[in-house]
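Using my numbering, the first residue of the sequence shown is number 131, and each one after it goes up by one. All C-beta atoms in this analysis are idealised placements derived from N, C-alpha and C, irrespective of residue type, glycine included. Given the structure is predicted, the values throughout are model-derived calculations rather than measurements. What follows is a single structure, written as structure tokens, with notes after it.
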Amino acid sequence: MDDAILPGSFGGDKSKLKDDSKLECKICWHVYNPDEGDDYWQIAPGTPFSELPEDWSCPECDGNKNDFMLIDK
Ligand SMILES: [Zn+2]
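In structure tokens:
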């Protein structure tokens with residue numbers, strides 16, 4: 131349900147993302163940092179959030195990719 135997406139959530143809108151954007155899980159506050167990638171999912175360092183696999187989810191709580199929030203710098 132699109133209505134359920136909170137303001138500030140990524141919500142699948144890749145146009146909001148830059149290659150170096152960091153995003154934070156709104157459930158457990160896990161941060162995805164493109165500079166570090168993701169060991170759990172074997173994502174190489176330097177991979178933008180927008181290029182993560184469709185089935186990627188939070189390595190800490192299995193939260194949906196679309197529930198990540200963009201962190202303002
Ligand atoms: Zn999480």
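- Counting only unbroken stretches of 3 or more residues, the beta strand (DSSP E) elements lying wholly within the stretch 136–184 are 153–155, in sequence order.
- Around the beta-carbon of C188, 16 or more other beta-carbon atoms lie within 10 Å, marking it buried.
- Put simply, the residues with a CB less than 5 Å from any heavy atom of ligand 1 are C155, I157, C158, H160, C188, E190, C191, G193, in chain order.
- A distance below 7 Å between beta-carbons, with the five flanking residues on each side excluded, links N194 to the following residues of its chain, in chain order: S187.
- Pairing S151 with S180, the inter-Cα distance amounts to about 9 Å.
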